[in-house]
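Okay, so here's the structure we're looking at.
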Amino acid sequence: MKNQASLKQKIFGLDNKFMRIATKIFNLMILNLSFLISCLPIVTIGPALVTIYCVAGRLREEPNMLVIQEYWKELKNNWKQGGLLGGVSLLIIVSVYLNIRIFSNIAHPTALVLQVISYGIGFISLIVGLYAFQISGQFQSSFTQTIKNAFLLSFLNFFKTIQLIVPIIFVTLLLMLSPLTMLLTLSILLFIGLALIAYVQTKIIQPVFKKYQ
345 MKNQASLKQK
355 IFGLDNKFMR
365 IATKIFNLMI
375 LNLSFLISCL
385 PIVTIGPALV
395 TIYCVAGRLR
405 EEPNMLVIQE
415 YWKELKNNWK
425 QGGLLGGVSL
435 LIIVSVYLNI
445 RIFSNIAHPT
455 ALVLQVISYG
465 IGFISLIVGL
475 YAFQISGQFQ
485 SSFTQTIKNA
495 FLLSFLNFFK
505 TIQLIVPIIF
515 VTLLLMLSPL
525 TMLLTLSILL
535 FIGLALIAYV
545 QTKIIQPVFK
555 KYQ
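The opening residue of the sequence shown carries number 345 in this note's numbering; numbering runs sequentially from there.
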């Protein structure tokens with residue numbers, strides 16, 4: 345009987361490696377679902393992005409945390425800052441997209457230069473945004489200070505910045521590769537992928553934050 349109990353403990357105990365992995369996967373699935381639900385009104389994407397980074401970062405330190413309760417609590421706390429970040433990000437995305445579309449239809453050297461500049465602005469906005477949403481999820485600071493810190497950290501730690509971009513580039517390539525890979529990638533993203541990307545990115549950026557604390 346003792347041997348059977350010991351065997352069950354080894355298989356189903358929370359300290360078991362398999363159970364730790366299973367728990368992490370389950371928590372990421374719950375986090376992914378919570379994020380998708382909170383994005384449904386569209387205008388809440390900004391606060392949702394701040395929150396998914398916040399909870400994903402804590403999940404690395406607290407693998408047995410109550411993800412649903414923590415997510416919705418943090419979503420309320422991140423409402424204002426996340427809303428500002430989301431609104432500004434949307435304006436930049438729309439502006440860059442429209443500029444690229446307009447300049448690509450003009451056969452003039454100046455238009456080509458302006459198109460390249462638009463791509464550059466889009467790239468800078470992307471890397472600054474990756475830092476800004478994570479900074480907002482882990483630290484208390486004003487909107488202006490958050491953007492300033494994000495800009496400085498993204499260029500002072502450019503190797504880490506490239507690592508943050510790699511998962512996004514990889515997913516984008518899979519979406520563009522073929523209809524089959526697009527469907528498979530979308531399925532994974534809806535199931536667990538978005539939370540997994542946030543989890544990986546928080547792990548990449550954590551040494552940067554620790555260096556400046």
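For every residue, glycine included, the Cβ atom is placed at its ideal position computed from N, Cα and C.
- Shortest Cα-Cα distance from GLN482 to any of PHE447, VAL394, MET520 involves VAL394.
- Between LEU372 and ALA539, the alpha-carbon positions lie close to 6 Å from each other.
- With contacts defined by Cβ atoms closer than 8 Å, LEU474 and GLN545 form a contacting pair.
- Here the alpha carbon of PHE553 sits roughly 15 Å from the alpha carbon of TYR543.
- Annotation: GLU406 is outside any alpha helix (DSSP H) and is labelled neither H nor E by DSSP.
- The straight-line gap separating the alpha-carbon atoms of CYS398 and ILE412 is approximately 13 Å.
- Straight-line measurement puts the Cα of ASN360 at about 31 Å from the Cα of GLN478.
- A check of alpha carbon separations from ILE549 across ARG445, LEU470, ASN422, ILE506 identifies ILE506 as the nearest.
- Counting C-beta pairs with one atom in each stretch, the stretch 404-419 and the stretch 445-462 have fewer than three that are closer than 8 Å, which means they do not touch.
- Contact check for VAL440 and GLY401: beta-carbon distance about 28 Å, past the 8 Å limit, so the pair fails to qualify.
- A buried status is given to TYR415, since no fewer than 16 other beta-carbon atoms sit within 10 Å of its beta-carbon.
- Contact check for SER462 and ILE444: beta-carbon distance about 5 Å, within the 8 Å limit, so the pair qualifies.
- Cβ atoms of THR529 and VAL515 come within 8 Å of each other, at about 6 Å.
- Rounded to the nearest whole angstrom, the C-alpha separation of PRO391 and LEU434 is 13 Å.
- Shortest Cα-Cα distance from VAL387 to any of ALA366, ILE369, LEU429 involves LEU429.
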